[in-house]
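Single-structure report; data block below.
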Amino acid sequence: MKRVKVFVSLAAVCLFAAAAAVSSVSTAAETKKGKGQSPLERGREVYAANCGRCHGADGAGHTRMAEIVEPPDMTDAAWQRQRSTSRMVASVANGRGQMPAFKKKLSRPEIAAAVAYVRTLKR
Ligand code: HEC
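Its first residue numbered 3, the sequence shown is counted upward by one per residue in the numbering used here.
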């Protein structure tokens with residue numbers, strides 16, 4: 003009788019562990035595809051992975067790369083006002099000045115999300 007109880011609780015532990023493993027795997031897969039994420043969260047990720055090295059985490063462009071490519075201060079409200087969102091998306095997709103084109107590396111929604119994130123960097 004005792005053996006059965008041990009077996010049952012062991013089985014329960016295994017089931018629980020398996021369920022936890024399955025759910026963490028699916029969460030990782032969803033994050034990878036950008037599912038279950040708001041566009042802004044996705045934008046923050048895209049920005050951190052592709053844009054921060056030049057523009058800086060805060061968008062002000064105080065990076066080592068910035069000493070070479072001299073990106074604008076994207077936190078500047080006046081700078082932001084002078085640029086429409088569609089122009090920004092086009093610039094990132096096709097490249098502008100020292101900024102490389104991202105259209106082969108990022109999807110259109112990813113670029114739009116990164117630009118939406120840039121809008122939140124305004125001070
Ligand atoms: C290699 C460095 C570099 C990287 C990486 C980079 N940028 Fe830029 N970015 C620049 C430079 C330099 C400019 C200024 C271009 C100009 O006006 O001559 C710029 C300009 C911009 C502008 C203004 C464009 C306009 O229309 O005036 C936006 C918006 C922008 N970047 C967003 C991004 C986003 C979003 C990413 C990531 C997907 C990114 N940048 C990655 C260097 C970079």
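Just so it is clear, CB atoms sit at the ideal spot from N, CA and C, and this is done for glycine as well.
- How would you label Gly45, buried or exposed, when you count the other beta carbons within 10 angstroms and need 16 or more for buried? The C-beta of Gly45 has 16 or more other C-beta atoms within 10 Å across all chains shown, which makes the residue buried.
- With DSSP collapsed to three states, give me the class of Met101. In the structure shown, Met101 adopts extended strand secondary structure according to DSSP, grouped into three states.
- Item | Which of helix, strand or coil DSSP assigns to Arg125 | Looking at Arg125 - three-state DSSP - the assignment turns out to be coil, as it is neither helix nor strand.
- Return yes when the C-beta of Val71 is under 6 Å from any heavy atom of the ligand HEC, and no when it is not. For the ligand HEC, at least one heavy atom lies less than 6 Å from the Cβ of Val71.
- Message: Nearer than 6 Å: is that true of the beta carbon of Ser109 relative to any heavy atom of the ligand HEC?
- Response: Here the distance from the Cβ of Ser109 to the nearest heavy atom of the ligand HEC is not below 6 Å.
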